[in-house]
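Residue numbers (the working numbering): 7 to 250.
Written out below as structure tokens is the structure these notes cover.
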Amino acid sequence: MGRFDLFADALWQFFVAGYADLRTERDDGLITPEDVSWYFTTFAEYPLHEKRALKFARGRVLDIGSGAGRHTLYLQKQKLRVTAIDISPDLVSLAQAVGVKNARVADIGSTLPFRDGEFDTVILFGNNLGICGTPKKFQKMLRELYRVTSPRGRILATTRQPNLIDPVHRRYWQHNLNAGRAMGQVRLRLILNGKRGNWFDLLLFSPTELMQISAKEKWELAQVYPLESFEEGYAVMMEKVNRS
7 MGRFDLFADA
17 LWQFFVAGYA
27 DLRTERDDGL
37 ITPEDVSWYF
47 TTFAEYPLHE
57 KRALKFARGR
67 VLDIGSGAGR
77 HTLYLQKQKL
87 RVTAIDISPD
97 LVSLAQAVGV
107 KNARVADIGS
117 TLPFRDGEFD
127 TVILFGNNLG
137 ICGTPKKFQK
147 MLRELYRVTS
157 PRGRILATTR
167 QPNLIDPVHR
177 RYWQHNLNAG
187 RAMGQVRLRL
197 ILNGKRGNWF
207 DLLLFSPTEL
217 MQISAKEKWE
227 LAQVYPLESF
237 EEGYAVMMEK
247 VNRS
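Okay, structure coming up:
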């Protein structure tokens, strides 16, 4: 079973039946329920930080990890040319079913099937900025996004800062450091109707960490939009620094 098979099943189940019992389990046993309806929201229901970031979308857009296509659908209405990609064929089929015009299977962890400079804007919402799971893989992703974007390329993304206030989370981050992992590296698996999927890693960043790592790959953190706190979530607009 692929790491996102249960996620695709949950979204399809919600699309058909209006309900899906999806949860995430962290590798220390912490289980959190997921609101699957979130993946079918419209622009009016987006959180403020997403709305602010989306104002910077322009030109040819690549929506990575598009899921049910909620952001692609909005940008299509804004008359932007959008390509939606997802690693899951079932999610690509779902995106097409809800009205996404150009959806295809592709893996951001590999070389993307696009020409150099093909896109002006890349979208990585829903914590997809850290979907590659480790700092090294994140840097590799940034290099690939540098390749497929034009000289005026930009990245619009959302992530969260590791929560250092709650003792449960603080112990988890400290355990990561003791184990030689990045502090914000979270190991998760999905649970749908009691069925557990495979483990995968998700990387969370503080704005400072994100700025430092991105600068190494010629991306500048140009705008930051937090929610009530950076731990709750924040959106960024990153601009390509063209090599001389």
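Positions of the beta carbon are idealized from the N, C-alpha and C atoms, including for glycine.
Original post:
Going by Cα to Cα distance, which pick from Phe-236, Ala-221 and Leu-227 is closest to Arg-249?
Top reply: Of the listed residues, the one whose Cα sits closest to Arg-249 is Ala-221.
Subject >> Same chain, Cβ closer than 7 Å to Met-243, neighbours up to 5 away in sequence not counted >> reply: Excluding residues within five positions, the ones whose Cβ falls inside 7 Å are Ala-59, Phe-62, Arg-160, Leu-162, Ala-228 and Gln-229.
Original post:
Hey, Ser-94 and Phe-10 are a contact pair by Cβ (cut 8 Å); roughly how many whole angstroms apart?
Top reply: Right, the Cβ-Cβ distance comes to about 5 Å (below 8 Å), so this counts as a contact.
Original post:
Would you call the region 130-137 and the region 94-111 in contact, with 3 or more CB pairs under 8 Å?
Top reply: The region 130-137, when compared against the region 94-111, does not touch it at the 8 Å Cβ threshold.
Subject >> Limits of the unbroken alpha helix (DSSP H) element including Pro-141 >> reply: Element bounds for Pro-141: 141-154.
Subject >> Contact check, Arg-176 vs Leu-170, beta carbons under 8 Å >> reply: The Cβ atoms of Arg-176 and Leu-170 lie closer than 8 Å to each other.
**OP:** Apply the 10 Å Cβ neighbour rule to Val-174 and answer buried if 16 or more other Cβ atoms are within range, or exposed otherwise.
**Re:** Under this definition Val-174 is an exposed residue.
Subject >> Cβ-Cβ distance between Glu-150 and Arg-66 below 8 Å >> reply: Contact: no.
**OP:** Find the nearest neighbour of Phe-46 within the set Ala-26, Phe-236 and Val-111, judged by alpha-carbon distance.
**Re:** If we check each option's Cα against that of Phe-46, Ala-26 comes out closest.
Original post:
Under 8 Å between the Cβ atoms of Arg-166 and Gly-115?
Top reply: For Arg-166 and Gly-115, no; Cβs fall outside 8 Å.
Original post:
If you check the beta carbons only, do Ile-70 and Leu-130 fall under 8 Å apart?
Top reply: In this structure, Leu-130 lies closer than 8 Å to Ile-70 by Cβ.
Original post:
Which one or two residues does DSSP pair with Arg-249 in a beta bridge?
Top reply: Residue pairing by DSSP places Arg-249 opposite no residue, since no beta bridge is assigned to it.
Subject >> DSSP three-state assignment for Leu-79, whether helix, strand or coil >> reply: Residue state, collapsed to three classes: helix.
Subject >> Trp-205, DSSP secondary structure in three states >> reply: Here Trp-205 sits in coil by DSSP.
**OP:** Give me the Cβ distance between Arg-76 and Arg-193, rounded to the nearest whole Å; I'm assuming they're in contact under 8 Å.
**Re:** About 26 Å; that fails the 8 Å criterion.
**OP:** Consult DSSP for Pro-157 and reduce its assignment to one of helix, strand or coil.
**Re:** The answer is strand: DSSP assigns Pro-157 an E or B state.
Original post:
How would you write the range of the alpha helix (DSSP H) that Arg-58 sits in, first residue to last?
Top reply: Start and end: 54-60.
Original post:
Which residue's Cα is closest to the Cα of Leu-183: Pro-168, Pro-232 and Asp-172?
Top reply: Nearest of Pro-168, Pro-232 and Asp-172 to Leu-183, Cα basis: Pro-168.
Original post:
So which of Ala-101, Thr-155 and Pro-53 has the shortest CA-CA distance to Arg-121?
Top reply: Nearest option by C-alpha distance: Thr-155.
**OP:** Report, in whole angstroms, the separation of the C-beta atoms of Glu-245 and Glu-215, which I expect to be a contact under 8 Å.
**Re:** The beta-carbon distance between Glu-245 and Glu-215, rounded to whole angstroms, is 18 Å. This is too long to meet the 8 Å contact definition.
**OP:** Express the C-alpha separation of Ala-23 and Lys-224 in angstroms, rounding to a whole number.
**Re:** Cα to Cα, Lys-224 sits roughly 45 Å from Ala-23.
**OP:** Compare the beta carbon distance of Gly-190 and Phe-211 with 8 Å and say whether it is the shorter of the two.
**Re:** Taking 8 Å as the Cβ cut-off, Gly-190 and Phe-211 qualify as a contacting pair.
Original post:
What is the DSSP secondary structure of Pro-173, reduced to helix, strand or coil?
Top reply: It is helical.
Subject >> Cβ-Cβ separation, Thr-127 to Ala-241 (assumed contact under 8 Å), whole Å >> reply: Contact between Ala-241 and Thr-127 fails: their C-beta atoms lie close to 13 Å from each other, not under 8 Å.
Original post:
Taking the alpha carbon of Asp-34 as the point to measure from, which residue in Phe-236, Ile-197, Pro-53 and His-181 has its own alpha carbon closest?
Top reply: Comparing Cα-Cα distances from Asp-34 to each of Phe-236, Ile-197, Pro-53 and His-181, the minimum goes to His-181.
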